[in-house]
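One structure is given below, encoded as structure tokens.
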Amino acid sequence: EFADGKKKGNNSRQTHLQSKLKNSTVRQTKNELWDSVADREGKDFFLRKNPPIPKYVFAAGTAKRTAEMLKRKAGFSPEENHHEDKRACPPDQPLSVEEWKKLKESLGSPERFDISMLSTLLKSGAELDIAKSLLSFVATETGTLNYKILLQYLALCVNGNHDKEVFDVYDIMRESFPSLDTGAYSLFIKSFSRTARWREAISLLQDLKKVVTPSSRSYGNIIAAAMLNGDPSTAWALYEELLAKGLSPQHETWTCLFKTVGMEDEETMLLSEQRERLLGILLYMRNNQVYPQLSLANSIKTWFESIPRQKWRGTWSSASPKGVCNSCGTELESIQLTAEEYQQLRKRVMTDIIQGRDVFNKTTPEVSHIDCTDGVQVVNVNDFCNSWQTEEDEDES
68 EFADGKKKGN
78 NSRQTHLQSK
88 LKNSTVRQTK
98 NELWDSVADR
108 EGKDFFLRKN
118 PPIPKYVFAA
128 GTAKRTAEML
138 KRKAGFSPEE
148 NHHEDKRACP
158 PDQPLSVEEW
168 KKLKESLGSP
178 ERFDISMLST
188 LLKSGAELDI
198 AKSLLSFVAT
208 ETGTLNYKIL
218 LQYLALCVNG
228 NHDKEVFDVY
238 DIMRESFPSL
248 DTGAYSLFIK
258 SFSRTARWRE
268 AISLLQDLKK
278 VVTPSSRSYG
288 NIIAAAMLNG
298 DPSTAWALYE
308 ELLAKGLSPQ
318 HETWTCLFKT
328 VGMEDEETML
338 LSEQRERLLG
348 ILLYMRNNQV
358 YPQLSLANSI
368 KTWFESIPRQ
378 KWRGTWSSAS
388 PKGVCNSCGT
398 ELESIQLTAE
408 EYQQLRKRVM
418 TDIIQGRDVF
428 NKTTPEVSHI
438 DCTDGVQVVN
448 VNDFCNSWQT
458 EEDEDES
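Numbered according to our numbering, the sequence shown spans residues 68 to 464.
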């Protein structure tokens, strides 16, 4: 009996211990699960509130991602748009009105079918006859051709060098619309400059200047046309105007100037004047740290070698780590300021910035009496603070 009682006691203690361990394990498991869930929720909350990767405004791809996000919020899917663009492949031959109508219906009859199709034709460099057949379809369907369609067609004609067609579009747009936008002016200037009607591009440039400052490329197109047609005075006048407006000339413009001057006959031009102007271009490139492209460098080399009674010889070379030309041994200019250049810079800073109003526009005229000692300005701080406080009181009243 004693043995049976002892055995039963051991069994009950073992059962109690197992039950206790089981309950402890369950509680531990529940606590671990709860801690895991709480930890995960906390992390999710942290991720929602503080993204681990900061989104910078100027980071690469940020603008594209932001645009796609806004499109998704508006119910527009970029993938669907890409799929539609893939389906709207341009035809490889001109279509009839009925064929264009069937193609439009097969794409779901989008509202901007004509604009998007012309844009696709422009990007793919399609034949002009295909675009003409599309315009015939649009004119038949709507009864007219709006400005955007003609502008797209104009861009296609200009990029394809269809200058005669550009003249027809010019007449149509001049008769149909009271004014043109800057894009149309730039396209017409580019096309007209390549033809015998290049002087009309100057009139277009004058009209464009009434609205905005023309681009350096528009100036360059007319400058090249004037030089190629034997009117260097007009070309250089436009070049000076370009610089006066603070525009930077295109490398193609410089290339044309150097090439055309080199082709001119010495007896029929003011060679010394042309030479000074071309040297002025080189000085402009030096002062503005403009490095010529290969074609421009070749034109400069050819021009130097073509100067009569001067034995210039140009070769391609490189500079040593010490800044010495490996061809002629000339030392390159140092980036360090000379004493004279430093004094000029110091004087400009003192007169234009510190004493002038170039930067510190909020300073008052009373602060302008400054004592300069070794480049350090000494100002009566009390007078300045009093005048500033007076201005604040006047603003409050």
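Think of the CB as a built atom: it goes at the ideal place given N, C-alpha and C, for glycine as much as any other residue.
It is roughly 30 Å from the alpha-carbon of ALA406 to the alpha-carbon of SER394. Here GLU407 carries a helix assignment [DSSP, helix/strand/coil]. Of all C-beta pairs linking the segment 369–378 to the segment 353–361, fewer than three are shorter than 8 Å, placing the two stretches out of contact. Nearest Cα to TYR214 within the set ASP230, SER260, LEU185, LEU174: LEU185.
Around the beta-carbon of GLN377, fewer than 16 other beta-carbon atoms lie within 10 Å, marking it exposed. For ALA251, the secondary structure class from DSSP, reduced to helix, strand or coil, is helix.
Scanning THR327, ILE290, LEU295 for the CA closest to the CA of PRO316 turns up ILE290. Per the DSSP secondary-structure output, CYS392 pairs in a beta bridge with ALA386. The beta carbon of SER191 sits closer than 7 Å to those of PRO157, all from its chain and outside the five residues before and after it, given in chain order. In this chain, CYS156 is not harboured by any alpha helix (DSSP H), its DSSP state being neither H nor E. Inter-residue distance for ALA302 and MET240 is about 28 Å (C-alpha atoms, whole angstroms). Out of THR418, TYR220, PHE325, the CA that lies nearest to the CA of PRO299 is found in PHE325. Here MET417 has no same chain residue with a Cβ atom under 6 Å from its own Cβ, once five neighbours each way along the sequence are excluded.
Here DSSP, grouped into helix, strand and coil, assigns GLU398 to strand. For TRP265, the enclosing alpha helix (DSSP H) covers residues 265–276.
Secondary structure of LYS190 (DSSP, three-state): helix.
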